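K.L.:
For the sequence shown, our numbering assigns the number 989 to the initial residue and increments by one for each residue that follows.
C-beta: ideal position from N, C-alpha, C; glycine also.
Since this is a predicted model, take the numbers as computed values, not measurements.
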Amino acid sequence: MLRVGLSGGIGSGKSTVAGRLAEHGAVVIDADRLAREVVEPGTDGLREVVAAFGAEVLGPDGALNRPALAAKVFGDEQALATLNGITHPRIAARTGELIAAAPEDAIVVHDVPLLVEKDMAPLYHLVVIVHADLDERLVRLRDRGVAEEDARRRIAAQADDERRRAVADVWLDNSGTPDLVLAQVDALWADRLVRYESNIRLRRYAAGPPIVVPYDETWPVQATRVAARIRLAAGGRTVEHIGSTAVPGLAAKDVLDFQLGVESLDEAAELEEALTQAGFPGRGVAEDAVRYEDDTQENWLKRLHAGADPGRRVNLHVRVEGGPAWNWAIRFRDWLRADAAARDEYAAMKLELSEKHRGDAEGFAYGDAKEPWMETATARVDAFYRDGQAS
Ligand code: ADP
């Protein structure tokens, strides 16, 4: 099952996008709708609301009078907490039921207006944000009967574009005509969501040839998003962004590398299923190159996982935190961050080797070819740490 979080400001076109995803076969769970359902007439949710706020929050038909309830909680944190205490657990339970009832191969789209505000992004395999320019949203909301002043007030109360961008794995711009965004949704479905879902179900990771590209300024923010997912799936353990994409300015393969800290390889094995379901299928035990002559391979073993998302390649090295391989990865990264000459040397070597190994779909030969340089780098990394300065 693939869990997609869908959000966007009011009037951005979120419902339009959700509708198209549903046409493709997604199981759409609409958080706003559930919020209404849990307080429909006849529900125990509505009974509790009446018990807490009085019968004056009911209309003549016995249904919830939303403006009356809103007036009671507006500006009153205590009252709002009481209301949320009634509705939120019920919405969460119902969401859980709907997810549990979805088929194993479902692509579940959770349409949540407050996804950003509630820090829910790491719960999903992928977060899709729908955006439209402010003026455009005001016009569309006006056409839907929302006065401009009211629309502006609601928009100001929501997360801003910067916060939305930070969590967006996919940014759908719906400032233009509907057919433009719908074409983007169709491509997203076919090229990414369908493949991502089947990759997770079949425990396949997304692979590709070793193509080195110039440093991408968005790698750190992408890494922050992926790391949050890994951390959540791994019960809050330490996650570090390592490797070339963690070195500002360095050309690299467009593959984000992370290490996840465990106390032992047994503990790493216990995390395999959770990481796989979170979108990082396991590839078994792997050997890191032993960097010191007097050390043994046993101290340089890890469990390797890799990302299933065809739109964002990830390698996840599950290593003993504070062990030699863990420390070496951090030192190597920090040395490259500090030493511009070493960075240029490394980039030139990688570019040359990636040219040579272009046909190597898994990147194994490319990785092996880098080894001699990496071996010589170890002494320089150690010197850097010993002397506290670049080579
Ligand atoms: P949201 O769910 O984000 O509040 P909707 O999908 O309901 O937004 O869209 C808001 C309004 O704008 C709706 O009336 C919708 O039909 C309309 N709309 C959506 N996308 C476009 C577009 N690209 N051009 C014009 N109108 C649009």
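1. Quick check on the DSSP output: what are the complete beta strand (DSSP E) runs of length 3 or more inside the stretch 1099-1156, in order along the chain?
2. Could you tell me whether the Cβ atoms of V1118 and V992 are closer together than 8 Å?
3. Given this structure, state the Cα-to-Cα distance separating V1026 from G1013, to the nearest angstrom.
4. Going by CA-CA distance only, name the one from R1213, N1303, E1261 and Y1184 that's closest to D1093.
5. Whose CA, out of I1079, D1099 and A1144, lies closest to the CA of L1009?
6. Quick check: W1314 and V1306, are their CB atoms within less than 8 Å of each other?
7. So, using beta-carbon positions, are R1321 and A1234 closer together than 8 Å?
8. Can you find a heavy atom of the ligand ADP that lies under 7 Å from the Cβ of S1252?
9. Strictly by DSSP, which residues pair up with G1249?
10. Looking at the structure shown, is S1003 part of a helix, part of a strand, or coil, going by DSSP?
11. Would you call the stretch 1367-1376 and the stretch 1231-1249 touching, i.e. three or more CB-CB distances under 8 Å?
12. Starting from the Cα of G1164, find the closest Cα among R1189, R1128 and R1153 and give me that residue.
13. Excluding the 5 residues preceding and the 5 following Y1354 in the sequence, name in chain order all residues of the same chain whose CB lies nearer than 7 Å to its CB.
14. Do you know how far the Cα of D1375 is from the Cα of V1169?
15. If we ignore side chains and look at the alpha-carbon of each, how far apart do V1278 and W1361 end up?
16. Among the residues of its own chain, which have a CB less than 6 Å from the CB of E1260, if the five just before and after it don't count?
17. Mapping the DSSP letters down to three states, classify V1243 as helix, strand or coil.
18. N1072 to G1311, Cα distance in whole Å?
19. Smallest Cα separation from E1124: which of K1290, Y1334, L1292 and G997?
20. Could you tell me how far apart the beta carbons of I1079 and A1019 are, in whole angstroms, since I believe they sit closer than 8 Å?
21. Please give the ranges of any alpha helix (DSSP H) in the stretch 1034-1066, keeping only runs that are unbroken, at least 4 residues long and fully inside the region.
22. DSSP on S1163, reduced to helix/strand/coil?
23. Here's the rule: buried if 16 or more other CB atoms are within 10 angstroms of the residue's CB, otherwise exposed. What is Q1066?
P.N.:
Once the coordinates are examined:
1. Listed in chain order, the beta strand (DSSP E) runs fully inside the stretch 1099-1156 are 1114-1119, counting runs of at least 3 residues.
2. The Cβ atoms of V1118 and V992 lie no closer than 8 Å to each other.
3. Those two C-alpha atoms are separated by around 25 Å.
4. The residue with the shortest Cα to Cα distance from D1093 is Y1184.
5. Cα-wise, what sits closest to L1009 is D1099.
6. Not in contact: W1314 and V1306 (Cβ atoms no closer than 8 Å).
7. Contact: yes.
8. The answer is no for S1252.
9. In the DSSP assignment, the residues bridged to G1249 are R1307.
10. When secondary structure is reduced to three states using DSSP, S1003 falls in the helix class.
11. Segments in contact, no.
12. If you compare the alpha carbons of R1189, R1128 and R1153 with that of G1164, the shortest gap goes to R1128.
13. So the qualifying residues of the chain are P1198, L1341, S1342, H1345 and D1348.
14. In a straight line, the C-alpha of V1169 is about 55 Å away from that of D1375.
15. The alpha-carbon of V1278 is positioned some 14 Å away from that of W1361.
16. Closer than 6 Å at Cβ, skipping near neighbours: G1270.
17. In the structure shown, V1243 sits in a strand (DSSP, three-state: E or B).
18. When rounded, the separation of the alpha-carbon atoms in N1072 and G1311 is 45 Å.
19. E1124 has its Cα closest to that of G997, out of K1290, Y1334, L1292 and G997.
20. Rounded, the Cβ-Cβ distance is 7 Å, consistent with contact.
21. Runs of the alpha helix (DSSP H) lying entirely within the stretch 1034-1066 and spanning at least 4 residues, in chain order: 1054-1061.
22. Coil at S1163, not helix or strand.
23. By the neighbour-count rule (16 or more Cβ atoms within 10 Å), Q1066 is not buried but exposed.
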